[in-house]
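Data block below; observations after.
Numbering (my numbering), first residue to last: 15 to 224.
Written as structure tokens, this is what we have:
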């Protein structure tokens, strides 16, 4: 019976562990992308409902107190979920950076056609991620601006809430609602970008664009 030297077994034991770790990080990236998509949906939902409650203040201007309180509560819910979304995106940045760094290391262990294919795939994923992250930073400023406008409306109605004050502020509140609508459309586009990145980098994706 032949015995295999222990030192010869070390590579056999360590390689699967490395592969398992790489796969786990890839799954973590996918999981975070899914969470971001879900949080974007929640952000849109809360913002849309805040706008609906703001509209109610005008339509129920004879007795606007209930609508105003609902608007105040909804605005808080929106700000809370937006903050959670921002934290998740920030967390995802570190995960994506680690994932692509590991991919670079794996490329060093390949050669020939497979290395070229993997390099092309990695470059595509990194570019998509960089483009999305650039957009997201711009969108973040839009989100902040929209919140500021809604917050200003809330402060205004906290000071004076009656038919006359509602009518006097109609142009400003309409502008705040328009800003919120623009943000919702932008968020839909951002969600589509994250979904495409997931399709191009996830082991669970069904289809992706070439």
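No residue lacks a Cβ here, since even glycine has one placed at the ideal position from N, Cα and C.
Only a predicted model underlies this, so the values are computations on that prediction, with no experimental measurement involved.
Asked	Found
According to DSSP, is residue 76 helix, strand or coil?	coil
So is residue 173 buried or exposed if we call it buried at 16+ other beta carbons inside 10 Å?	exposed
Please state whether DSSP places residue 124 in a helix, a strand or coil.	coil
Taking Cβ positions, are residue 89 and residue 57 nearer each other than 8 Å?	no
Measure how close the beta-carbons of residue 72 and residue 184 come, nearest whole angstrom, since I'm counting them as under 8 Å.	7 Å
Closest to residue 96 by CA distance: which of 85, 55 and 66 is it?	55
Near residue 150, which residues of its chain fall below 7 Å by C-beta distance, leaving aside the five closest residues on each side in sequence?	103 and 204
Given 8 Å as the limit, is there contact between the stretch 77-94 and the stretch 58-68, that is, 3 or more CB pairs closer than that?	yes
Indicate whether residue 208 and residue 51 have their beta-carbon atoms separated by less than 8 Å.	yes
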